[in-house]
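Numbered per my numbering, the sequence shown spans residues 31 to 603.
Ideal Cβ positions, reconstructed from N, Cα and C, are used throughout, including at glycine.
As the structure is a prediction and not an experimental result, all values here were calculated from the model.
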Amino acid sequence: MSGEGVADRLRRLARIAELGWRTLAVRALAHPPFAWWSASLPVSGRLLFAPQDLRAGDPARAAEIYAGCFAFAGKAVETGGASPFEIVPPSREWAQALMSFSWLRHLRASDTAIARANARALVGDFITLGGARQPAAADPEVAARRMINWLSQAPLILKDADSGFHRRFLRCLSQQARYLKSIQRLARDGRARLSCAVALSFAGLCMADQPRLLRSAQKRLTEELERQVLADGGPAGRNPGMLIELLLDLLPLRQCFEARQVAPPAVLVNAIDRMMPMLRFFRHVDGSFAHFNGMGPTPADGLAIVLAYDDARGRPVSNAPYSGYQRLEAGGTVLVADTGRPPPPVMSHEAHAGCLSFELSSGRNRVVVNCGAPTPAHEHWRPVARQTAAHSTATLAEISSCRFVAGGLAMKLCGTPVLDGPSDIHVDRGTRGGADVLRASHDGYARRLGIVHQRSWRLSGDGGCLDGEDLFRAAQGEEIPGDTRDGYAIRFHLHPSVKAVRAPDGQTIYLTLPDGDDWVFEAPDCPATIEESVYLAAHGGPRKAEQIVVTGKARQRPRVAWTFVRVQGAERG
Numbered sequence: 031m032s033g034e035g036v037a038d039r040l041r042r043l044a045r046i047a048e049l050g051w052r053t054l055a056v057r058a059l060a061h062p063p064f065a066w067w068s069a070s071l072p073v074s075g076r077l078l079f080a081p082q083d084l085r086a087g088d089p090a091r092a093a094e095i096y097a098g099c100f101a102f103a104g105k106a107v108e109t110g111g112a113s114p115f116e117i118v119p120p121s122r123e124w125a126q127a128l129m130s131f132s133w134l135r136h137l138r139a140s141d142t143a144i145a146r147a148n149a150r151a152l153v154g155d156f157i158t159l160g161g162a163r164q165p166a167a168a169d170p171e172v173a174a175r176r177m178i179n180w181l182s183q184a185p186l187i188l189k190d191a192d193s194g195f196h197r198r199f200l201r202c203l204s205q206q207a208r209y210l211k212s213i214q215r216l217a218r219d220g221r222a223r224l225s226c227a228v229a230l231s232f233a234g235l236c237m238a239d240q241p242r243l244l245r246s247a248q249k250r251l252t253e254e255l256e257r258q259v260l261a262d263g264g265p266a267g268r269n270p271g272m273l274i275e276l277l278l279d280l281l282p283l284r285q286c287f288e289a290r291q292v293a294p295p296a297v298l299v300n301a302i303d304r305m306m307p308m309l310r311f312f313r314h315v316d317g318s319f320a321h322f323n324g325m326g327p328t329p330a331d332g333l334a335i336v337l338a339y340d341d342a343r344g345r346p347v348s349n350a351p352y353s354g355y356q357r358l359e360a361g362g363t364v365l366v367a368d369t370g371r372p373p374p375p376v377m378s379h380e381a382h383a384g385c386l387s388f389e390l391s392s393g394r395n396r397v398v399v400n401c402g403a404p405t406p407a408h409e410h411w412r413p414v415a416r417q418t419a420a421h422s423t424a425t426l427a428e429i430s431s432c433r434f435v436a437g438g439l440a441m442k443l444c445g446t447p448v449l450d451g452p453s454d455i456h457v458d459r460g461t462r463g464g465a466d467v468l469r470a471s472h473d474g475y476a477r478r479l480g481i482v483h484q485r486s487w488r489l490s491g492d493g494g495c496l497d498g499e500d501l502f503r504a505a506q507g508e509e510i511p512g513d514t515r516d517g518y519a520i521r522f523h524l525h526p527s528v529k530a531v532r533a534p535d536g537q538t539i540y541l542t543l544p545d546g547d548d549w550v551f552e553a554p555d556c557p558a559t560i561e562e563s564v565y566l567a568a569h570g571g572p573r574k575a576e577q578i579v580v581t582g583k584a585r586q587r588p589r590v591a592w593t594f595v596r597v598q599g600a601e602r603g
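Here it is as structure tokens:
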């Protein structure tokens, strides 16, 4: 093994060790001898108010819950009259969904006496059976979501409750706040740690007699928002979907500060102001978010709610350099590209190996997409979704531009973060002949294959033509080493609504869109094939799709030019 190889291996092992000890520490503190008693907090005697829950509920789901059917993460369980907290969960994801109590909003949407009694009975079961000490419930992010949901749905839970239940509920809330305060610094970095800070801030504002908790929660919230909301408003974990989820929490939190007549932290207000424009940055014209770094199906209701708070409805920014994304837009055509490094390993559990991938939409039609992240019901697809081949970019030697923790003890200890990926990325923007031009390169294959991938896009002023080019060059010297694996596959995954037909010349592919706004793909002197693909980010589960694939050898053909052109139906003949 080369010296460089040893150094790479040692660096990856150090990252696994850093992530693993945090997991072990959280599990130790969640164990009954340690849990719930690590931080000193008084038991609150009353709730001052309940924060608004912006997430929509479904009364039909309330009827299912009342009938004893609990359907989460693709698994439906009939309890047969037993408490759901007494049964063996069918999956970890199901257990976490149950223990988070996010389903209370469906009972709230029903708005009946039966729904309120059912909510109170289920919360009472959780308290009586010691549900908070179960492994799934003790997960920091799950515990944080449960605290937010109990506070938000307190009017539903406590209406018509007797004084004994009221005391038990508040005592359990105080115990969980104590636990979260103890565990928050050991929670997985990124969304989990920020959720803890948000939950404790809600608790400090909504529960009476908690001034110390509010002060410490504000400090922690400020620290996490400064780290995790980047200067351009994008999330440090690079998952566009986190913008929606986080704003659904931060907007009510800002309202809670105002309700208590406490000035919200400036960092909170500034973070919201920066995040709002990024919602429009990632949107295609049909309202869907581009699929990068863990983004699955777009929660249309949640997105519509947070966009209603957006006062500046102008054209979105085109350059998000801190988040690592670029946007081109003209004549109803939108292109969004990933031109960033992977997030830090501790925040990369959802990150994908999609550097220099892009999505293209024409009007309300999405044309080129990435496969996207699957729903929790299809979690087995997630490892596939994270690979470079699931993105509209180039793959070299049939490997990904990032390396992940893939299995064994390391995965049990620290999940599946990115351990290695592109680090040297160059991005240039400009205009040429009235068209926007974007060029970027990454070194994700440099250490293993000695090759740098460079890609350029040029979108015409009327949005009717996208010219692209992929270039493969030596990472060092002028020539790609002769002993390296240099086979490449340039993929353009198509949305399931797009139908592709290959022309007899083998280089032209006609793309038929639902509304007749058709396009043509061409790669001069490069045979292009149509192959099967799968669109993972559909609400109903994976859907069959197609992809355009151009293959070659980097030493023989280092430069591949390609074009997407909008055409009218009559022009196809």
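What are the boundary residues of the beta strand (DSSP E) that includes alanine 519? Residues 517–524.
Residue range of the unbroken alpha helix (DSSP H) whose run includes valine 172: Segment 170–182, the alpha helix (DSSP H) holding valine 172.
Contact defined as beta carbons within less than 8 Å: I believe isoleucine 560 pairs with alanine 530. What is the distance between those atoms, to the nearest angstrom? Indeed, because the Cβ distance is near 5 Å, the residues count as touching under 8 Å.
Can you tell me the Cα-Cα spacing of alanine 261 and tyrosine 352, whole angstroms? Cα-Cα distance, rounded: 6 Å.
Beta carbon of serine 113 nearer than 8 Å to that of leucine 159: When the beta-carbon positions are compared, serine 113 and leucine 159 come within less than 8 Å of each other.
Grab me the residues of glutamate 116's own chain with a C-beta within less than 7 Å of its C-beta, minus the 5 sequence neighbours each way, in chain order. Cβ within range, chain order: Leu159.
Residue burial classification, aspartate 303 (beta-carbon count within 10 angstroms, cutoff 16): If you draw a 10 Å sphere on the C-beta of aspartate 303, you find fewer than 16 other C-beta atoms in it, and that means exposed.
Quick one: complete beta strand (DSSP E) runs, 3+ long, within the segment 532–573? Contiguous beta strand (DSSP E) elements confined to the segment 532–573 occur at 538–542, 549–552 and 558–565, taking only those with 3 or more residues.
Expressed to the nearest angstrom, what Euclidean distance is found between the alpha-carbon atoms of arginine 245 and proline 295? If I take the Cα positions, the gap works out to 11 Å.
In terms of alpha-carbon separation, which member of Arg488, Ala505, Arg503 and Ala504 lies closest to aspartate 497? Ranking Arg488, Ala505, Arg503 and Ala504 by Cα distance to aspartate 497 puts Arg488 first.
Leucine 103 and alanine 334 closer than 8 Å at C-beta: It should be pointed out that residue 103 corresponds to alanine in this sequence rather than to leucine. The beta carbons of alanine 103 and alanine 334 sit no closer together than 8 Å.
Please list the segments of the beta strand (DSSP E) lying wholly inside the segment 335–373, counting only runs of 3 or more residues, in order along the chain. Within the segment 335–373, the beta strand (DSSP E) runs of at least 3 residues that lie entirely inside it are, in chain order, 355–360 and 363–368.
Per DSSP, which one or two residues make a beta bridge with histidine 456? Partner(s): Ser471.
Identify the continuous beta strand (DSSP E) that holds serine 486 and give its terminal residues. First-last of the beta strand (DSSP E) with serine 486: 481–489.
Using the Cα positions of proline 282 and aspartate 535, report the straight-line distance between them to the nearest angstrom. Linking proline 282 to aspartate 535 through their CA atoms gives a straight-line distance of about 58 Å.
How would you label histidine 523, buried or exposed, when you count the other beta carbons within 10 angstroms and need 16 or more for buried? With 16 or more Cβ atoms within 10 Å of its Cβ, histidine 523 is classed as buried.
For isoleucine 144, count neighbouring C-beta atoms within 10 Å of its own C-beta (all shown protein chains included) and say buried if the count is 16 or more, exposed if not. Isoleucine 144 sits exposed, since fewer than 16 C-beta atoms from the chains shown fall within 10 Å of its C-beta.
Would you mind listing the alpha helix (DSSP H) stretches within the segment 101–165 that are 4+ residues and don't spill past its ends, in chain order? Within the segment 101–165, the complete alpha helix (DSSP H) runs of at least 4 residues are 122–130, 134–140 and 143–158.
Which residue or residues does DSSP assign as beta-bridge partners of valine 579? In DSSP, valine 579 forms a bridge with Arg521 and Thr559.
Nearest to asparagine 400 by alpha carbon, out of Arg478, Ala476, Ala424 and His321? It is His321 whose Cα lies nearest to the Cα of asparagine 400.
Cα separation between serine 563 and leucine 152? Going from the Cα of serine 563 to the Cα of leucine 152 covers about 43 Å.
Give the range of the beta strand (DSSP E) segment to which threonine 425 is assigned. Where threonine 425 is concerned, the enclosing beta strand (DSSP E) stretches over 424–426.
For leucine 449, does the three-state DSSP call read helix, strand or coil? In this structure, DSSP gives leucine 449 an extended state, which the three-state scheme calls strand.
Kindly provide the ranges of any beta strand (DSSP E) runs that are 3 or more residues long and lie completely inside the segment 277–344, ordered along the chain. Look at the segment 277–344 and you find no whole run of beta strand (DSSP E) that is 3 residues long or longer.
How long is the line joining the alpha carbons of tyrosine 96 and asparagine 148, rounded to whole angstroms? If you draw a straight line from the Cα of tyrosine 96 to the Cα of asparagine 148, it is about 7 Å long.
Could you tell me whether the segment 313–333 touches the segment 360–378, using the rule of 3 or more Cβ pairs below 8 Å? Yes: the two stretches touch, three or more of their Cβ pairs being nearer than 8 Å.
Pop quiz: methionine 272 and arginine 218 are said to be a contact at Cβ under 8 Å. What is the actual Cβ separation, rounded to whole angstroms? A Cβ-Cβ distance of about 14 Å is found for the pair methionine 272 and arginine 218, leaving them out of contact under the 8 Å criterion.
Assuming proline 404 contacts leucine 566 under a Cβ cut-off of 8 Å, what Cβ separation, rounded to an integer in Å, is found between them? The C-beta separation of proline 404 from leucine 566 comes to about 4 Å, placing the pair in contact by the 8 Å criterion.
What does glycine 396 pair with, by DSSP beta-bridge criteria? Just to set this straight, residue 396 is arginine in the shown sequence, not glycine. Arginine 396 is bridged by DSSP to Ser391.
Which listed residue (Ala106, Gln183, Gly161 and Ala166) has its alpha carbon closest to that of asparagine 86: This sequence places alanine at residue 86; asparagine is not what is there. If we check each option's Cα against that of alanine 86, Gln183 comes out closest.
Buried or exposed: glutamine 506, going by 16 or more other Cβ atoms within 10 Å of its Cβ? Glutamine 506 is exposed by the Cβ-count criterion.
In the structure shown, what three-state DSSP assignment does glycine 271 receive? Of the three classes helix, strand and coil, the one that applies to glycine 271 here is helix, per DSSP.
Along the alpha helix (DSSP H) that carries valine 259, what are the first and last residues, could you check? No alpha helix (DSSP H) holds valine 259; DSSP gives it neither H nor E.
Go ahead and label leucine 309 buried or exposed: buried means 16 or more other beta carbons lie within 10 angstroms of its beta carbon, across all protein chains shown. By the neighbour-count criterion, in which 16 or more other beta carbons inside 10 Å mark a residue as buried, leucine 309 falls on the buried side.
Inter-residue spacing [alpha-carbon to alpha-carbon] between isoleucine 274 and aspartate 83: Note on geometry: alpha-carbon atoms of isoleucine 274 and aspartate 83 lie some 14 Å from one another.
Simplified DSSP state of proline 588, which is helix, strand or coil: Coil.
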